[in-house]
Amino acid sequence: MWIWLHRLGSPPYFYRFAGRLLPWLWTACLVCLGVGLYWGLVVAPPDYQQGDSYRIMFIHVPSAWLSLLSYVLMASFSAAALIWRVKVAEVLARSIAPLGASFTFIALVSGSLWGKPMWGTWWVWDARLTSELILLFLYLGFIALASAFDDPRRAARAAGLLAIVGVVNVPIIHFSVQWWNTLHQGPTVSKLGSPSIALSMLLPLLVMVVALHLYLLAALLQKARCELIARERSSRWVNDLLPGRGVGDELA
Amino acid sequence: MTRRRKRLVLIGLLMVGVAAAAMLALTAFQQNLLYFFSPSQVAAGEAPPDYPFRLGGLVAAQSVERVSGSLDVRFQVTDGNRSIPVTYTGVLPDLFREGQGVVAHGQLDADGVFRADQVLAKHDEEYMPPEVKKALQVSDNGTDPSRHASGGEP
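Have a look at this one:
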């Protein structure tokens, strides 16, 4: 396991490994996305109280979960980059930030669209909504800081510290609905004992969750590959990838 | 200590420090982070008397009275122990009904009536098809739910 992780930290190995994985990930992601959307939006029954509006859940819930998971991953990559100076970890942290920011944005917008008909308001400043908005600002701050330096290694160090400090917000978001009175309802699926959602609605939700996890992984690897060859453009292994160039040829 | 070990410890300490600071701050602001007060808290005098605040709870059964010809509505908000009378003028959200969770923004007047200027519906975390809900209600009333579920209701 450690040896494998160590090998994955080497840019050429990571590049080839990700390249082999990508077609499988994209295929599985598209299949799950198609099945999940059709099942959730067409087949699943309407809710006893919210009618068809509850179907926003099939987008909202996976996006919100992934906005948190992406942040934890970004902070972990940043920590690995800071402690062990792994270049691939720097690239992964940099690549996951816009993905996480998009998930956060989708969760906020879809939640707002859901809130208007159900709660009667687009936005309230309760603990759950506010902390999720702060998460979006953390992502944007990370992206801004990572782009503010000319030297990518210094950029990764500065932005990495921000990512690690900001991880304190993740448990606050998750537990906000239990610690305080909020307009947002409590957890449904992860509730101890039995989840309080009918199986005919839970299954399509889980398919959507799997689909978006696959999307995150595929998009992350794809983006990290591009970022990696851009950063390593003057190195021997990137030059070797170019067709028609022998080992040791210099780029003009 | 190697440099890697040193960085690991530093980052660990940083995270512990930030977590402790966040915990202290959140404990200090505990009151301000409460989105609403429950009727019991209001009855115990925990809500600010002269300022607007939010009141949250369930709409008590058989308490909603509408004044015909206007948008005025009166109802009781309860948490099981205490209930507070609420008056409101305006359009209510779709989910507003008796037994439903609401959060009302407004102010207590001298008679202990909560004059709301905004009423939001708070839905619970349960999702189920209408037939399941019907079957559950029937089983709550003491009827055999399995007979009902297979009874071919329209």
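Going line by line, the protein sequences match chains A and B.
Converting from the first sequence to the working numbering requires adding 1012 to each position, the first position being numbered 1.
Converting from the second sequence to the working numbering requires adding 5 to each position, the first position being numbered 1.
C-beta atoms are modelled at their ideal positions from N, C-alpha and C, and glycine is treated no differently.
Contact list for residue i against chain E, beta-carbon separation under 9 Å
i: F80/B; result: You won't find chain E in this structure, because its protein chains are A and B.
Residue i burial status per 10 Å Cβ neighbour count (16 or more: buried)
i: T1194/A; result: buried
i: R1106/A; result: buried
i: G104/B; result: exposed
i: I994/A; result: Past the edges of chain A, shown from 1013 to 1264, lies residue 994/A, and the structure says nothing about it.
i: G1031/A; result: exposed
i: L18/B; result: exposed
i: S1246/A; result: exposed
i: P1035/A; result: exposed
i: A98/B; result: Inspection of the sequence shows that residue 98/B is occupied by Pro rather than by Ala. Flag for P98/B reads buried.
i: W1014/A; result: exposed
i: M28/B; result: exposed
i: W1126/A; result: buried
i: C1238/A; result: exposed
i: P1074/A; result: buried
Proximity winner among the options, relative to residue i (alpha-carbon distances)
i: V21/B; options: F1149/A, H1196/A, V1179/A and L1253/A; result: V1179/A
i: K127/B; options: H1225/A, R1019/A, P1023/A and Q1062/A; result: Q1062/A
i: G1132/A; options: L1150/A, L1033/A and G1123/A; result: G1123/A
i: G50/B; options: A25/B, P134/B and L113/B; result: L113/B
i: P54/B; options: T94/B, P135/B, K138/B and F119/B; result: F119/B
i: T1116/A; options: A1167/A, I1146/A and M1013/A; result: I1146/A
i: V14/B; options: R1028/A, F1029/A, W1096/A and L1229/A; result: W1096/A
i: S45/B; options: V82/B, Q67/B and V143/B; result: V82/B
i: V1250/A; options: W1016/A, W1014/A and S1022/A; result: S1022/A
i: L1157/A; options: G1172/A, A1092/A, L1017/A and I1184/A; result: G1172/A
i: S73/B; options: G85/B, G62/B, T94/B and Q67/B; result: T94/B
C-beta neighbour in chain A for residue i, strict 8 Å
i: L39/B; result: yes
i: D122/B; result: no
i: V108/B; result: yes
i: S151/B; result: With a pLDDT of 38 at S151/B, under the threshold of 50, the modelled position of that residue is not reliable, and no figure is offered here.
i: V23/B; result: yes
i: D116/B; result: no
i: P159/B; result: Below a pLDDT of 50, predicted positions are generally treated as unreliable, and P159/B, at 34, falls in that range; the measurement from the model is reported next regardless. No, P159/B does not count as interfacial toward chain A.
Minimum Cβ-Cβ distance from residue i to chain B less than 8 Å
i: Y1265/A; result: Nothing about residue 1265/A can be read from this structure; chain A reaches only from 1013 to 1264.
i: V1180/A; result: yes
i: P1129/A; result: yes
i: R1245/A; result: no
i: Y1027/A; result: no
i: P1216/A; result: no
i: Q1266/A; result: This structure gives no information on residue 1266/A, because the portion of chain A shown stretches from 1013 to 1264.
i: L1263/A; result: Bear in mind that the predicted position of L1263/A carries a pLDDT of just 47, short of 50, making it too unreliable to give a figure here.
i: I1015/A; result: no
i: Y1060/A; result: yes
i: W1096/A; result: yes
i: T1116/A; result: no
i: V1219/A; result: no
i: S1022/A; result: no
C-beta atoms of residue i and residue j nearer than 8 Å
i: R59/B; j: H110/B; result: yes
i: Y132/B; j: Y1066/A; result: yes
i: R87/B; j: A48/B; result: yes
i: L1150/A; j: N1181/A; result: yes
i: H1006/A; j: R1140/A; result: Beyond the ends of chain A as shown, which are 1013 and 1264, falls residue 1006/A; an answer cannot be given.
i: Y40/B; j: W1016/A; result: no
Whole-angstrom C-beta distance between residue j and residue i, which should lie under 8 Å
i: K1128/A; j: W1134/A; result: 5 Å
i: P1216/A; j: G1052/A; result: 4 Å
i: A1231/A; j: L1111/A; result: 6 Å
i: F1026/A; j: L1033/A; result: Actually they are not in contact, since the Cβ atoms of F1026/A and L1033/A sit about 10 Å apart, beyond 8 Å.
i: G69/B; j: V107/B; result: First, the residue type needs correcting, since residue 69/B is Val and not Gly in the sequence shown. That belief does not hold up - the Cβ atoms of V69/B and V107/B are roughly 11 Å apart, past 8 Å.
Any non-hydrogen atom of the ligand GDP closer than 7 Å to residue i Cβ
i: S1246/A; result: By its list of ligands, the structure shown contains no ligand whatsoever, and the ligand GDP lies outside what it can speak to.
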